[in-house]
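Just so you know, we're using full-length UniProt numbering here: the first sequence kicks off at 1 and counts up by one.
These notes concern the structure reproduced below.
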Amino acid sequence: MTEVATEAAVSASEIPPFRYTAELANRIEAQWQDYWEEHGTFQAPNPVGPLADPDHPRAGAPKLYVADMFPYPSGAGLHVGHPLGYIGTDSYCRYQRMIGRNVLHPMGFDAFGLPAEQYAVQTGTHPRKTTEENVERYRGQLRRLGLAYDDRRSIATTDVPFYRWTQWIFLQIFNSWYDRNAGGGAGKARPIAELIAEFESGTRPTPDGRAWSTLTDVERRKIVDDHRLAYVSEAPVNWCPGLGTVLANEEVTADGRSDRGNFPVFKRNLKQWMMRITAYGDRLIEDLESLDWPEPIKLMQRNWIGRSTGAHIDFPTSAGPVRVFTTRPDTVFGATYLVLAPEHELVEALAPKVWPADTRPAWTGGHDTPGEAISAYRKYAAAKTDEERIADAKEKTGVFTGAYATNPVNGAQIPVFVADYVLAGYGTGAIMAVPGQDERDWDFAEVFELPIIRTVQPSEGFDGKAYVGDGPAINSSSPQGFSLDGMGVVDAKKAIIEWLEANGHGAGATTYRLRDWLFSRQRYWGEPFPIVYDQTGLPVALPESMLPVELPEVEDFSPKTYDPDDADTDPETPLSRARDWVEVELDLGDGPKRYTRETNVMPQWAGSCWYELRYLDPTNDQAFVDPANERYWMGPQAADGDCGGVDLYVGGAEHAVLHLLYARFWHKVLFDLGHVSSFEPFRKLINQGYIQAYAYTDERGRYVPAEEVEERDGHFYYDGAEVRREYGKMGKSLRNVVTPDDMCAQYGADTFRVYEMSMGPLEVSRPWETRAVVGAQRFLQRVWRALVDEQTGASRVVDEPADEDTRRILHRVISGVRDDMEGLRFNTAIAKLIELANRITGMAGNGTPREVADPLVRMVSPFAPHVAEELWRRLGHEDTVAYVDFPVADPALLRVESVTYPVQVNGKVRGRIEVAADAEQDAVREAALAAVAETLAGREPRKVIVVPGRMVSVVV
RNA sequence: GCCCCGGUAGCCCAACGGUAGAGGCGACGCGCUCAAACCGCGUUCGGUGCGGGUUCGAGUCCCGCCCGGGGUACCA
């Protein structure tokens, strides 16, 4: 390794031949990257299996498992924003390895996805080819940054040996049901065979009460299928015949057309695979308590799941009872009307032929009959785009159905409305409106001249409209003598729910905003389902022995398209046209039969729901992970309810809800079935900030290349003309992309790493400024120069001891850097290292004492590993610096002999005293009073506060 | 509208409730140099978005605003 620098001598005569330039950095970096690869330096030993290695220096050591949210390998490659988190976790892992942990830090690729498929549709290039090329490009870019991954564990979700296990997990989920009574009341997933056994033995009644033995085979299968955690259901989706596919909400424009191609999109029910995530709603909320996650992310998950507790109440009508959900059953005496969502199924049955006699003009919307009014309103509501609904939210609209309902608690006849502020998909799609205690209901009641009854006494001085606070119930007595009056909200809720249940008018209930997860996609580039259909049309799981189900080759990657306006068409997926793959003869235990394969594929989320488990045992072909390996890396650490999981998971906040919720769900299913010992996948989570960038527009508003813009006196110029500065996401369209490749070429990977880590805390978003990178380079150059003579390449390290001051600074820095590393405060750790480097730079001529050079190199190595390796070798070591001990501060050198105390009088600094560090408080007090005697001018201090080691405050 | 996060020097950022400044960028000066670059040394600049409060003491805690960023969409 030492011969590297000799070649540097030939270039640019003015630069000292052995200066740490970008060119030299690049050479060092390439050599050490090769070294690490050849030596498998960052391979982490497993307890068991082929990746076990009892001779490894960290075999059996306390473990640390750190993971990054893996990237989708897009065609554009990485820009400088992507590696921020990766460099952070890498620096952290390198530090942890040096303090003795067995560190697992893998990286993989979320490689299924739409862009490769769309590219295939356009060009005919197989998505696998595009994907693999992109993965290779990413691997190269990441390697160039010196990230210390265990490369034996690099997986891509598109690898057949990987998705074989994705399919296996799907089968586990398909072959399970959620038993609400198991798991000590919280419920848990159990094998479907146990459910069937309960039906067979009669311990569990069938839904309609008939004996299991009298049911046909198909009837039995349907009952069982209704319990599965993965099931087929009709689900409303955005069907786009013009594209032949179902679209995600974000692919549909505000006016109900496809983003791509501008075709009409129809809301339609289609047969889809669903995952019963709602069964886990409670546990997904409650187990958040055990997670070390940012509070905002937990909050977002709680809100997304949206558990609300309250009651269902039935309001009798001529068309049967209307069931409403309310969180405030205690206010039922104040329910002065009902509101149904426009799509509610009872709306038509409720509406009479003509308006009742006392219908107010405001209620009819100007229509002659309830039927006309309702159909007009439905049309109006359906035509509104989401954006319009948001804009109109303040304006309450609706129409009277012409029908009345009976308030079960007091017999009052109350009108029934339809209005779009009630959503079909939430609760029961119907509410009891209590304007006295709900702002939206109040607004609606004002527009439609409906009565308002307060049933909670507002607090003193309240002058608003709806009162949503606590207070005693009023106006809440029924003619039959039942009363809530005087009770607080909590007691009144309890009392009314008891009354509803006792009298058959309703029951306490909990609802969730969370819905079951739509799990199928009409695409090609995803995991095939391990499912076939028999003659009955019901799904049949393939046995484990038939995995993997590999994607077949197809002629055409695009789905069949239709007349864009023909809503009555059905998706025909790319797989469905591979007829000799779809039609298959199999022996599933009862002789060879004909089956039809499922032709949907899984969504991109599937692979990311469990990849953190596969890193643990990537070569295992007997299990998705060996239990011993899972227990070691992810198992619970403490006896008292630790959830286990990845020790540190770092990624962007944009995955706060979907990815993190889906992955938690899958993990909990695997936990319930006994496949993993941890009940959460990610114990600690950090969201890294985004790196944003300035962009510049010229006078015509066009973006100009940001890197060619010059700044003069606070103004910006491009090609001589002044341009305007904006701030935004880094991207092609803003012409402000900076790539890590450019930074490496220009400065070297170590400089780039140090810069990204020093520019602020990991969690904070900040603007990129290439101009400032040079600071990091100067720092590394000073470190280099402290150890290597720039003119001769000779060592500048001497064996003389350091002076006392330098030694104290060194140990203070060691202590501080350790604290910062533990707390992931890389920016302040680097600041301390710069301080130390600046100190020894100042000592100049006499050489750098080994006792400083050695720990400095060790401490720099997590951030700038290549140059640290090179310098470590120059210090005379044969091996990598990766496994040497991180320096430990000598407590004796951290002690200070004397302390300067500022002395405040009434909050203003009036003097200073210098006292011994171990001085008694009384002595400090006396010295302080003496120091400010002049200011005190004889006044007697009322109070003297001595803050040990900090300051003295005198109050007069 | 609601919920989060943030506002400290020209810029990026530090600061257990204890003298507002660790580090970097920029600018300026000095040294080195024929001169410059590089390098080294040094200097500059704010009282912490605004208004109250708690406290001996507030950038830090509390209340009310303002500005910027993110999330969300009438959730009964």
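Just so it is clear, CB atoms sit at the ideal spot from N, CA and C, and this is done for glycine as well.
All figures in this text were calculated on a predicted structure; none of them were measured in a lab.
Residue i to residue j span [Cα, whole Å]
i, j, result
"Val788", "Ala61", "35 Å"
"Leu247", "Asn238", "5 Å"
"residue 971", "Tyr717", "Because the chain here runs from 1 to 956, residue 971 falls outside it and cannot be looked at."
"Glu343", "Ile414", "20 Å"
"Ser13", "Arg19", "A caution first: Ser13 carries a pLDDT of 45, below 50, which makes its placement in the model too unreliable to give a value."
"Thr6", "Gly847", "The pLDDT assigned to Thr6 is 34, lower than 50, so where the model puts this residue is not dependable, and the model offers no usable value."
"Ala937", "Gln904", "14 Å"
"Gly641", "Gly183", "15 Å"
"Asp217", "Thr203", "19 Å"
"Met602", "Met821", "40 Å"
"Thr166", "Trp610", "8 Å"
"Asn181", "Glu501", "21 Å"
"Val944", "Ala928", "9 Å"
"Asp282", "Ala405", "33 Å"
"Thr336", "Asp491", "22 Å"
"Gln522", "Thr245", "6 Å"
Cβ neighbour criterion (16 or more within 10 Å) applied to residue i
i, result
"Lys63", "buried"
"Pro356", "exposed"
"His39", "exposed"
"Gly88", "buried"
"Lys396", "buried"
"Ala341", "buried"
"Ala772", "exposed"
"Met759", "buried"
"Glu647", "Note on residue identity: the sequence assigns Asp, not Glu, to residue 647. With 16 or more other Cβ atoms within 10 Å, it is buried."
"Val10", "Because Val10 carries a pLDDT of 34, less than 50, the predicted location of this residue cannot be relied on, and the following value inherits that uncertainty. So Val10 counts as exposed."
"Val952", "buried"
"Ser74", "exposed"
"Arg950", "exposed"
"Val434", "buried"
"Tyr467", "buried"
Assumed close pair residue i, residue j - CB separation to whole angstroms, cut-off 8 Å
i, j, result
"Gln692", "Met730", "7 Å"
"Pro352", "Pro329", "Rounded, the Cβ-Cβ distance is 29 Å, inconsistent with contact."
"Thr739", "Gly77", "7 Å"
"Thr455", "Val399", "Thr455 to Val399, Cβ: 26 Å. No contact."
"Tyr649", "Leu685", "5 Å"
"Val954", "Val932", "6 Å"
"Glu449", "Ala362", "6 Å"
"Phe863", "Val754", "5 Å"
"Pro241", "Trp525", "That pair is no contact at about 21 Å."
"Arg839", "Thr792", "Contact doesn't hold; Cβ gap of about 24 Å is too wide."
The beta strand (DSSP E) enclosing residue i, as first and last residue numbers
i, result
"Lys353", "No beta strand (DSSP E) contains Lys353, which DSSP labels as neither H nor E."
"Thr123", "No beta strand (DSSP E) contains Thr123, which is instead part of the alpha helix (DSSP H) from Leu114 to Thr123."
"Cys609", "Note, Cys609: premise wrong, no beta strand (DSSP E); not H, not E."
"Ala623", "Element bounds for Ala623: n/a, residue is neither H nor E."
"Ala22", "Counting along the chain, Ala22 falls outside any beta strand (DSSP E), though it belongs to the alpha helix (DSSP H) covering Ala22 to His39."
"Cys93", "No beta strand (DSSP E) holds Cys93; the alpha helix (DSSP H) holding it covers Pro83 to Met98."
"Gln692", "Ile691 to Thr697"
Range covered by the alpha helix (DSSP H) that runs through residue i
i, result
"Ala663", "Leu658 to Asp672"
"His312", "From DSSP, His312 is part of no alpha helix (DSSP H) but of the beta strand (DSSP E) over Ser308 to Phe315."
"Lys493", "Val489 to Asn503"
"Pro865", "Pro865 to Arg874"
"Gly281", "Gly281 to Glu286"
"Ile223", "Asp217 to Asp225"
Practice problem: Take every Cβ of the stretch 101-108, pair it with every Cβ of the stretch 151-161, and state whether three or more of those distances are shorter than 8 Å. | Solution: With contact defined as three or more Cβ pairs closer than 8 Å, the stretch 101-108 and the stretch 151-161 are in contact.
- prompt: So does the stretch 617-637 actually touch the stretch 554-563, counting three or more Cβ pairs closer than 8 Å?
  reply: No contact exists between the stretch 617-637 and the stretch 554-563.
| message | For the stretch 795-806 against the stretch 849-858, do three or more pairs of beta-carbon atoms, one drawn from each stretch, fall closer than 8 Å, so that the two count as touching? | response | Between the stretch 795-806 and the stretch 849-858 there are three or more C-beta pairs closer than 8 Å, enough to call the two in contact.
| message | With a threshold of 8 Å, are at least 3 pairs of Cβ atoms found where one atom belongs to the stretch 552-559 and the other to the stretch 611-625? | response | Contact between the stretch 552-559 and the stretch 611-625 is absent, because fewer than three Cβ pairs lie under 8 Å.
- Check whether the stretch 767-782 touches the stretch 692-706, taking contact to mean three or more Cβ pairs, one atom from each stretch, closer than 8 Å. Segments in contact, yes.
request  = Examine the Cβ distances between the stretch 507-515 and the stretch 255-271 and report whether three or more of them are shorter than 8 Å.
outcome  = In the pairwise beta carbon analysis, the stretch 507-515 is classified as not touching the stretch 255-271: fewer than three pairs are separated by under 8 Å.
- Query: Can at least three beta-carbon pairs, one atom from the stretch 129-141 and one from the stretch 23-36, be found at a separation below 8 Å?
  - Reply: Between the stretch 129-141 and the stretch 23-36 there are fewer than three C-beta pairs closer than 8 Å, too few to call the two in contact.
For the 8 Å Cβ check, are there 3 or more pairs between the stretch 807-814 and the stretch 887-895? Yes, the stretch 807-814 is in contact with the stretch 887-895.
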